[in-house]
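Peer 1:
Residue numbers (this note's numbering): 195 to 447.
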């Protein structure tokens, strides 16, 4: 997490550039290079979505080339939402870190500690799903527990406890429910949140920042994918987003 914090402070940005490539192979390879090159000055991290690469015949090689293109010092979070028992999770971790060269991953914590700990290598980032952006209210995540709180709250507590033991473990918290962002921030005051849902999914940027920022103006990675992929000038679009964020948070220059 220190590498991430260093990047956030050096570039004065909370922007996570999502890479969800669509189009034919030639178009995608060209556009991936353009988006990375044009947004690198404004990116706190890049987040390639594994599914958009695995659906291509050359997907693994394209993903490796994409990760290698990201400038040194900018973390790459492989969005695979991995979630399996320890032995299988260990192989997924080898794929993400040793084969692809990612600096972090997203994981589904439904299987508990076994699904998270194998990814918690020193110097790596792990973001465990807590409250996702696909629905403001969720049939599973919002289930109330008899001891209080929701299943999403329980997932957040598990991730917080594992972070205290292993380090480098944050949460995925969607921007489509700012109230949930605020609640989870209260439960996990120190952890980093990877925040999808701003933009095409309708998440409110200002409300999300108010709900989730730590007192030092960090602690959130605001992910944007389609708005940058579809932009005529990805650099200008990224710069505008960063400026909007920085107007809403304390920034030390």
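Glycine included, C-beta positions come from ideal geometry on N, C-alpha and C.
The model shown is predicted, which means the values in this text are computed figures rather than measured ones.
Specify whether the segment 368-380 and the segment 320-329 touch according to this definition: at least 3 beta carbon pairs, one from each stretch, less than 8 Å apart.
Peer 2: Taking 8 Å as the limit for Cβ pairs, the verdict is that the segment 320-329 does touch the segment 368-380.
Peer 1: What does the alpha-carbon distance come out to for the pair residue 282 and residue 259?
Peer 2: C-alpha separation (whole angstroms): 25 Å.
Peer 1: Might you give, ordered along the chain, the residues of its own chain that have their beta carbon closer than 6 Å to the beta carbon of residue 433, omitting 5 neighbours on each side?
Peer 2: Correct list, in chain order: 236.
Peer 1: Quickly, what does DSSP pair residue 289 with across the bridge? List them, please.
Peer 2: DSSP lists no partner for residue 289.
Peer 1: Return the first residue and the last residue of the alpha helix (DSSP H) that residue 430 is part of.
Peer 2: It spans 428-441 - the alpha helix (DSSP H) in which residue 430 sits, taken as one unbroken run.
Peer 1: Between the alpha carbons of residue 222 and residue 269, how many angstroms are there, rounded?
Peer 2: Looking at the two C-alpha atoms, the distance is approximately 21 Å.
Peer 1: When you compare only the Cα positions, how much space is there between residue 361 and residue 355?
Peer 2: So the alpha carbons of these two residues sit roughly 9 Å apart.
Peer 1: If the criterion is Cβ atoms closer than 8 Å, does the pair residue 287 and residue 274 meet it?
Peer 2: No, they are not a contact pair.
Peer 1: At least one CB of chain C closer than 8 Å to the CB of residue 203: is that the case?
Peer 2: Looking at the structure shown, chain C is missing, and only one protein chain is on hand.
Peer 1: What does a CB cutoff of less than 7 Å around residue 305 pick up in its chain, not counting 5 residues either side in sequence?
Peer 2: If we look at residue 305 and ignore the five residues flanking it on each side, its Cβ neighbours are 277, 278 and 279.
Peer 1: Within 10 angstroms of its Cβ, does residue 447 collect 16 or more other Cβ (buried), or is it exposed?
Peer 2: Here residue 447 scores only 47 on pLDDT, less than 50, and its place in the model should not be relied on; the value that follows carries that caveat. Answer is exposed; the Cβ neighbour count stays below 16.
Peer 1: What are the start and end residues of the beta strand (DSSP E) that includes residue 418?
Peer 2: Element bounds for residue 418: 414-418.
Peer 1: Measuring CB to CB, does residue 319 end up less than 8 Å from residue 294?
Peer 2: No, these two residues do not count as a Cβ contact at 8 Å.
Peer 1: Closest to residue 201 by C-alpha separation, out of 438, 415, 444 and 443, would be which residue?
Peer 2: Minimum Cα distance to residue 201 is reached at 415.
Peer 1: With respect to the alpha helix (DSSP H) encompassing residue 253, which residues constitute its N-terminal and C-terminal limits?
Peer 2: From DSSP, the alpha helix (DSSP H) with residue 253 extends over 253-263.
Peer 1: Tell me which same chain residues have a C-beta within less than 6 Å of the C-beta of residue 441, skipping the five on either side of it?
Peer 2: Answer for residue 441: no residue qualifies.
Peer 1: What do you reckon, are the CB atoms on residue 182 and residue 240 nearer than 8 Å?
Peer 2: Limits of the chain in this structure are 195 at one end and 447 at the other, which puts residue 182 out of reach.
Peer 1: What is the DSSP secondary structure of residue 242, reduced to helix, strand or coil?
Peer 2: It is a strand residue.
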